[in-house]
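Participant: Dropping a structure here in structure tokens format, bear with me for questions.
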Amino acid sequence: MLLALVAALAVPVAGAASADSAPADSAPAVSAPAGDAARGAELAALANCASCHTAAGGAPYAGGYALETPYGVFHGPNITQDPDHGIGGWTWPDFVDAMRRGRSPDGRHYYPAFPYPSYTKLHDDDLADLWAFVQTIAPVAQPSLDHALTRYRRRSVLGLWKLLELDRGALRDDPRLDAELNRGRYLVEAVAHCGECHTPRNGRGGRIDRKALAGSELPPEPGPNITPHEDALGGWTADDWEALLDLGILPDGDFVGGEMMGVVEHGTAVISAEDRRAIARWLMEGVAPQPP
Amino acid sequence: MTLLLALSLALPASAGDDAPAASIQLDAQKVYAYRHEVFEGIGAHMKALSMMVKGEAPVRQVDMKSHAIALQAMSTTVPHLFPKGTGPDAVKDTEALATIWTDPEGFAAATKAFQDSSAALVTAAEGGDMKVFSGAFRNVGKSCGGCHDNFRKDDH
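Next comes the structure, spelled out in structure tokens:
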């Protein structure tokens, strides 16, 4: 036990390197593959990149949004193409490192407030499309704000966190599932990262994946249990899901609010009806029912 | 006109003080039961319209308009649904938050968002373009969530 602890604590420095050889992770090609910026924009919408990287009333992606968490306030940084304040100087491998490994070009660990524990699951071609889109974001010379954290102020501890909590690499299709279910699972887990708000977390702030989507109490807002359990959303039909994902309306005519309305308005309402159907089917048939 | 304007401007802020026309003894529990029914009705009209927007119900412009008018009409009752003394201190089951009475300007703004968006819904229904209507419908939906976020209990 003690030994394990010592070993784990010793890892952060070497951690990044050893984790790099994880098998599921394809090494990024040095030159960027040709991505489709329009498809990337759609992915960015469903992945909600703008919400955390845009201040209220601010320029798109120029940063400044305050994300409240139990660990303090994170500020989404400027990810426009500005070379000084944004990521205009980044290369494709820099981008892949950030999204898959949660690591900055100068080797710092990112906080998982940036949902790379979900984005790590993105397929290579989707990452390429996102990269193509990110490169179209107009530069804005606005400095990023520092985070105001009460815990985990030192990034060095994040190396250990990643070892324990980050399951890295693109999500592989499950051969037992049909194409639509695999698509739904991928959209829910990798792109839309529903679990970031709806899956309970352990004391370290890592998602408890065996209780996926069973509800989370964490700020800024508790995300309810959305599994097909009879005491949760077990009674929802495909039409109920379509209405929620497109309009934000609940079966009784009430509407979701807060963070969820943003997810709907900028994300699930914008994607194709086929993709909404895939998400709905995964949530009805693929996700394990969890008691509230 | 000026008087009317002044009156209507004064209304939202003082809404909490509004006494019912006939000054029957205000029973907090009954006020709650009434407003609960009103919101259920509002929800029912929204649900019915959503089925039209999603193509699950026959789309007749005249019916679309009826629902929209009903919503617009009900939106004008909201300022009267929350007299002082009908909050969580007085009614066990209410999901109304005390912020309704501590932040009357915020509540009035949330009410106005519903009134404005439902008025726009009537206009859209009269226009008859489903795409425009669907956009107007989404805006009404946002006004519901916008008020619930700050003035209704979360764990719904």
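In order, the protein sequence lines correspond to chains A and B. Here the first sequence is numbered in this note's numbering, starting from 107 and rising by one per residue. Here the second sequence is numbered in this note's numbering, starting from 2 and rising by one per residue. By construction, the Cβ of each residue, glycine as well, lies at the ideal position given by its N, Cα and C atoms.
Tell me, which residues are paired with G169(A) by DSSP?
Facilitator: T160(A)
Participant: Less than 9 Å separating the beta-carbons of G125(B) and V133(B)?
Facilitator: Position check: residue 125(B) holds Ala in this sequence, whereas Gly was assumed. In this structure, V133(B) lies closer than 9 Å to A125(B) by Cβ.
Participant: So, does the CB of G44(B) fall closer than 9 Å to a CB anywhere in chain A?
Facilitator: yes
Participant: Tell me, which residues are paired with V179(A) by DSSP?
Facilitator: E174(A) and A254(A)
Participant: Whose C-alpha, out of I185(A), Q396(A) and P176(A), is nearest the C-alpha of L251(A)?
Facilitator: I185(A)
Participant: Tell me whether the beta-carbon of G107(B) lies closer than 9 Å to the beta-carbon of Q62(B).
Facilitator: Taking the C-beta atoms as reference points, Q62(B) is found no nearer than 9 Å to G107(B).
Participant: Residues of chain A with CB under 7 Å from G142(B), in chain order?
Facilitator: L353, G354, I355 and F361
Participant: Applying the criterion that 16 or more other CB atoms from any shown protein chain within 10 Å of the CB defines a buried residue, is M47(B) buried or exposed?
Facilitator: Classification of M47(B): buried, given that the 10 Å Cβ count is 16 or more.
Participant: Measure the C-alpha to C-alpha separation of T333(A) and L389(A) and round it to an integer number of angstroms.
Facilitator: 7 Å
Participant: With 16 other CB atoms within 10 Å as the buried threshold, where does E57(B) fall?
Facilitator: exposed
Participant: In angstroms, rounded to a whole number, what distance separates the CA positions of P330(A) and A320(A)?
Facilitator: 7 Å
Participant: Please report whether the beta-carbon of G340(A) lies at a distance below 9 Å from any beta-carbon of chain B.
Facilitator: no
Participant: What span of residues does the alpha helix (DSSP H) with H37(B) cover, start to end?
Facilitator: A29 to V54
Participant: Under 7 Å between beta-carbons, which chain B residues line up against A349(A)? List them in chain order, please.
Facilitator: S51 and K55
Participant: Strictly below 7 Å CB to CB, what residues from chain A border K154(B)?
Facilitator: Those do not exist, as K154(B) stays about 11 Å from chain A at its closest Cβ, beyond 7 Å.
Participant: Where do the N-terminal and C-terminal ends of the alpha helix (DSSP H) with W198(A) fall, by residue?
Facilitator: W198 to V202
Participant: Give the residues of chain B in contact with E380(A), contact being defined as C-beta atoms less than 7 Å apart.
Facilitator: Per Cβ cutoff of 7 Å: no residues; E380(A) is ~15 Å from chain B at best.
Participant: Who are S224(A)'s beta bridge partners in DSSP?
Facilitator: Looking at the DSSP assignment, S224(A) forms no beta bridge with any residue, so it has no partner.
Participant: Kindly identify the DSSP beta-bridge partner or partners of S322(A).
Facilitator: G329(A)
Participant: If we cut at 9 Å on Cβ distances, does R139(B) have a partner in chain A?
Facilitator: Closer than 9 Å: yes.
Participant: Can you give me the C-alpha to C-alpha distance between A122(A) and V141(B), rounded to a whole angstrom?
Facilitator: The pLDDT assigned to A122(A) is 37, lower than 50, so where the model puts this residue is not dependable; a value taken from the coordinates is nonetheless given after this. Their Cα atoms are separated by approximately 48 Å.
Participant: With three or more beta-carbon pairs closer than 8 Å as the criterion, would you say the segment 297 to 313 of chain A touches the segment 156 to 171 of chain A?
Facilitator: These segments do not touch.
Participant: How should G195(A) be labelled, buried or exposed, when 16 other C-beta atoms within 10 angstroms of its C-beta is the threshold for buried?
Facilitator: exposed
Participant: Below 9 Å between beta carbons is the criterion; list the residues of the segment 317 to 336 of chain A that meet it against any residue of chain B, in chain order.
Facilitator: E327, P328 and P330
Participant: Using CA coordinates, which residue listed in L351(A), K317(A) and A394(A) is at the minimum distance from L152(A)?
Facilitator: L351(A)
Participant: Please classify R206(A) as buried or exposed, where buried requires at least 16 other C-beta atoms within 10 Å of its C-beta.
Facilitator: Buried: at least 16 other Cβ atoms inside 10 Å.
Participant: For the alpha helix (DSSP H) that contains S210(A), what are its first and last residues?
Facilitator: Note, S210(A): premise wrong, no alpha helix (DSSP H); not H, not E.
Participant: Which bits of chain A does M47(B) rub up against, with CB to CB less than 7 Å?
Facilitator: I355 and G359
Participant: Using beta carbons (cut-off 9 Å, strictly below), is A384(A) in contact with chain B?
Facilitator: no
Participant: Does the beta carbon of H81(B) sit closer than 9 Å to a beta carbon anywhere in chain A?
Facilitator: By this cut-off, H81(B) is not an interface position.
Participant: If we ignore side chains and look at the alpha-carbon of each, how far apart do R153(B) and L98(B) end up?
Facilitator: R153(B) and L98(B): Cα-Cα distance of roughly 5 Å.
Participant: What is the rounded straight-line gap between the Cα of G44(B) and the Cα of Y177(A)?
Facilitator: 37 Å
Participant: Can you tell me which of the three DSSP states F115(B) falls into?
Facilitator: helix
Participant: So, helix, strand or coil for I70(B), using DSSP?
Facilitator: helix
Participant: Find the residues of chain A that neighbour D150(B), judging by a C-beta separation of less than 9 Å, and give them in chain order.
Facilitator: Close to D150(B), with beta-carbon spacing below 9 Å, are these residues of chain A in chain order: E327, G363, G364 and M367.
Participant: Is the shortest distance between the beta-carbon of E38(B) and the beta-carbons of chain A less than 9 Å?
Facilitator: no
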